[in-house]
Amino acid sequence: MSSASVRSLQSWAYRYKRTWRGSAVSSVLQPVLFLAAMGLGLGSLVNKGHRGSLGGVSYLVFLAPALLAAAAMQTAAMEAAWPVMAAVKWLKTYDAMLATPLRVRDILAGHLTWIGVRVLMVCTIFFVVMAAFDAIKSPEAVLLIPVGLLTGLAFAAPIAGYAVTLERDSGLTALFRFGVMPMFLFSGTFFPVSQLPVELRPVAYITPLWHGVDLCRHLALGKASFLGSLAHVAYLGAWFVGGCLIANATYRRRLVQ
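Spelled out as structure tokens, the structure:
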């Protein structure tokens, strides 16, 4: 990462100083409420009759690592959507950066790095809350944090590349309504993908979130295989690299006129 990209990163960190308290509170409350309501509340009903379909573990243990991956996706998507559009359309933050020696790739790298920092913060807090709920059953679970980061970046890069092209935020609303939310619900977070109709399972398997969820869940349970984990990491990495290439092109097209 170049020194110019670091300056871009610092500008986003400086803005975050004004809102970090509220963000920190929500980052703690979200996993606490989700794990309490879904893991313990709904889980008490699921555990009575469907524990076998969860691999013999409690619903809380099944759900928690998947929610960490989903939280990484949601954080990255939110940070790469409206903030990017605001920076190029409403607040003209990117234009101000271009008036300095920063290049387009420095602006992109700095912003994506900042999104990675935000995702890392959310994943770390989520992991601590998981430990407090006794939802960690393997030493390998510590790898959930970097896997969550990779999952988030797999979404951040392509979404940023898309957001920078928009003139109105209706495109982002559609993205979340028809992309992010269905993935959150149907990519194995709350129930095994095997419970979906046969026709829909391949759709779930090609989503980046399923790969993040499946890898996090296997790591948390101590059941991750080397080749399976490598395949998940490679798939998520391909989304990130491909997203970076697309974003570099769309950023350059939008900012260099």
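Okay, so the sequence shown: first residue is 6 according to this note's numbering, each after it adds one.
Glycine is no exception: its CB is placed at the ideal position from the N, C-alpha and C atoms.
Worksheet entry | Chain-order list of residues whose beta-carbon lies under 6 angstroms from that of A9 (same chain, five-residue window excluded) | L107 and D111
Discussion item. Measuring only the C-alpha atoms, how far is S49 from L113?
Written reply: 45 angstroms
Discussion item. I need the boundaries of the alpha helix (DSSP H) containing R20, first residue and last residue.
Written reply: S8 to Y21
Practice prompt. Mind reading off the beta-carbon distance from A76 to V127? Whole number of angstroms is fine, and I expect it under 8 angstroms.
Written response: 6 angstroms
Worksheet item: Which residues in the same chain as L40 place their Cβ atom closer than 8 angstroms to its Cβ, once the five residues preceding and following it in sequence are excluded?
Response: L65, L68, A69, L72, V134, M135, F138 and A140
Discussion item. Does the contact criterion of 3 or more C-beta pairs under 8 angstroms hold for the stretch 165 to 180 versus the stretch 76 to 91?
Written reply: yes
Practice prompt. In angstroms with no decimal places, state the Cα-to-Cα distance between Q79 and V185.
Written response: 8 angstroms
Worksheet item: So G157 and W17 are in contact, right, with Cβ under 8 angstroms, and what is the actual spacing, rounded?
Response: Rounded, the Cβ-Cβ distance is 15 angstroms, inconsistent with contact.
Discussion item. Could you give the first and the last residue of the continuous alpha helix (DSSP H) run that contains P106?
Written reply: Note, P106: premise wrong, no alpha helix (DSSP H); not H, not E.
Worksheet item: Which term fits D100, buried or exposed, when burial requires 16 or more other beta carbons within 10 angstroms of its beta carbon?
Response: exposed
Item to complete: Please classify V93: is it buried, with 16 or more other beta-carbons within 10 angstroms of its beta-carbon, or exposed?
Response: buried
Practice prompt. With DSSP collapsed to three states, give me the class of L205.
Written response: coil
Worksheet item: Does the beta-carbon of P207 have 16 or more other beta-carbons within 10 angstroms, so that it is buried, or is it exposed?
Response: exposed
Fill in: Through-space distance from A179 to V238, alpha-carbon basis
28 angstroms
Practice prompt. Between the Cα of A82 and those of G61, F181 and W25, spot the shortest distance and give me the residue it belongs to.
Written response: F181
Item to complete: Quick one: grab the DSSP three-state call for E84.
Response: helix
Discussion item. In whole angstroms, give me the CA-to-CA distance for T170 and R258.
Written reply: 9 angstroms
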